[in-house]
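Chemist: Sequential numbering of the sequence shown, starting at 1, is according to this note's numbering.
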Amino acid sequence: MKRLPIPEDVTGEEIDKDVRQELQSLPKTLAEDVAKNLVMVARLIDDDPEGAYGYSRVALRLASRVAAVREAAGFAAYANQKYAEALAEFRAARRMTGNVDLWPVMADCERGLGRPEKALDMAGAPEVHKLDKAGQVEMRLVAAGARRDMGQLDAAIVTLQSPELASSSVQPWTARLRYAYADALLAVGRADEAREWFAKAVEADRDGSTDASDRLAELDGVEFVDALDEEESEEAPEETEASAERDVEAEPVVEAERDVEAASDVEAESDPEQD
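This is the structure we're talking about:
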């Protein structure tokens, strides 16, 4: 696999210090190359997941025995919906570190592979108790999604009901948890409650991680008009009027030309020399 171009502003120093420490087991030049590719994965994964995947494959080829590289490759594959590949990379990273942090995303890969029952089994595994609060909330979201995959809509609602959902404090996961709960309520026709929770999700969504505001507007019957389309529709009448004015201006000119031609014909008929 060919190496991909690295922008000049990428030095490799941008990576987390824990990852940098992992890379110290590699020769210096190799460690720098791997670090730069990992930086590119992180930089592109949200806006250009396919590009991020390419850099992750390069890093994987260079240092497949580094857990951070396997984890980055897993997330890049996950962002491209390559769930089997992502799951394999996450499992490899977990074997290397013994860390359970990847457990929720591994369960979500099982969902992506059409195995929601497996995701639910993982949600009830002992590993979940070893997760921090953010990880436990993430696991709850995955479990609720698995319930919906299986058509168990009411069970999905119950799964999301938790102290974290009821809490008034705003945490990094709050907006997504409230959004998932609102969406689950809407799926069973409880629109009024769904609207309330979408509104709560909007309050907590400080970084725009969900489209809760759009969903709320949709429930309220608000229609958004594309500003560009609106401008074009406003310009169209002006163009029509301008065309009409040009046509009106052109008509006297055409009539004048006809009058000149007619006069020339009359003069030609009455010219004695021509007779």
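Each residue gets a CB set at the ideal place from its N, CA and C atoms; glycine is no exception.
1. Rounded to the nearest angstrom, what separates T240 and D47 at their Cα positions?
2. With I45 as the anchor, note down where its alpha helix (DSSP H) starts and where it stops.
3. Which term fits D33, buried or exposed, when burial requires 16 or more other beta carbons within 10 angstroms of its beta carbon?
4. Where A59 and D205 are concerned, what is the direct C-alpha to C-alpha distance, given to the nearest angstrom?
5. Would you check if the distance between the CB atom of A35 and the CB atom of I45 is smaller than 8 Å?
6. Taking the alpha helix (DSSP H) that P163 belongs to, which residues open and close that run?
7. Quick check on A11: buried or exposed, where buried means 16 or more other Cβ atoms within 10 Å of its Cβ?
8. Please list the terminal residues of the continuous alpha helix (DSSP H) segment that includes K17.
9. Starting from Q81 and walking both ways along the alpha helix (DSSP H), at which residues does that stretch end?
10. Going along the chain, which residues of its own chain have a beta-carbon closer than 6 Å to the beta-carbon of S213, five neighbours each way excluded?
11. In whole angstroms, what separates the C-alpha of K17 from that of V66?
12. Tell me the DSSP secondary structure of K118 in three-state form.
13. Using CA coordinates, which residue listed in V137, P116, S167 is at the minimum distance from R148?
14. Is there contact here, the segment 127 to 139 with the segment 89 to 106, by at least three beta-carbon pairs under 8 Å?
15. Measuring CB atoms only, is the segment 127 to 136 touching the segment 148 to 159, in the sense that at least three cross pairs come out at less than 8 Å?
16. Please go through the same chain and pick out, in chain order, the residues whose beta-carbon is closer than 7 Å to the beta-carbon of S56, but skip the five residues on each side of it.
17. How long is the line joining the alpha carbons of P7 and A79, rounded to whole angstroms?
18. Report the three-state DSSP secondary structure of V248 (helix, strand or coil).
19. Measuring straight from C-alpha to C-alpha, what distance separates Q161 and A182?
20. Verify whether the separation of the beta carbon atoms of Q81 and G114 is less than 8 Å.
21. Quick check on T29: buried or exposed, where buried means 16 or more other Cβ atoms within 10 Å of its Cβ?
Modeler: In short, the structure shows the following:
1. Confidence at T240 is low in this model, with a pLDDT of 49, below 50, so its placement is unreliable and the value that follows should be read with caution. C-alpha separation (whole angstroms): 41 Å.
2. That residue, I45, is in no alpha helix (DSSP H); it is neither H nor E in DSSP.
3. So D33 counts as buried.
4. For the pair A59 and D205, the Cα-to-Cα distance works out to about 34 Å.
5. With a cutoff of 8 Å on beta-carbon distance, A35 and I45 are scored as not near each other.
6. For P163, the enclosing alpha helix (DSSP H) starts and ends at 163 to 166.
7. A quick correction: the sequence has Thr, not Ala, at residue 11. T11 comes out exposed.
8. Taken as a continuous stretch (DSSP letters only), the alpha helix (DSSP H) holding K17 covers 17 to 22.
9. First-last for Q81: undefined, no H or E at that position.
10. Shown here for S213: same chain residues with a beta carbon closer than 6 Å to its own, the five before and five after excluded, namely V202 in chain order.
11. C-alpha separation (whole angstroms): 14 Å.
12. Reduced to three states, the DSSP call for K118 is helix.
13. Put simply, of V137, P116, S167 the residue whose alpha carbon is nearest the alpha carbon of R148 is P116.
14. Yes, the segment 127 to 139 touches the segment 89 to 106.
15. Short answer: they don't touch.
16. Hits under 7 Å: V41, A72, A73, A76.
17. Each residue's alpha carbon lies about 22 Å from the other.
18. Because the pLDDT of V248 is 45, which lies under 50, any placement of that residue in the model is unreliable, and the question is left without a value.
19. Taking the straight line from one Cα to the other gives about 11 Å.
20. G114 is positioned such that its CB atom lies no closer than 8 Å to that of Q81.
21. Exposed, since its Cβ has fewer than 16 Cβ neighbours within 10 Å.
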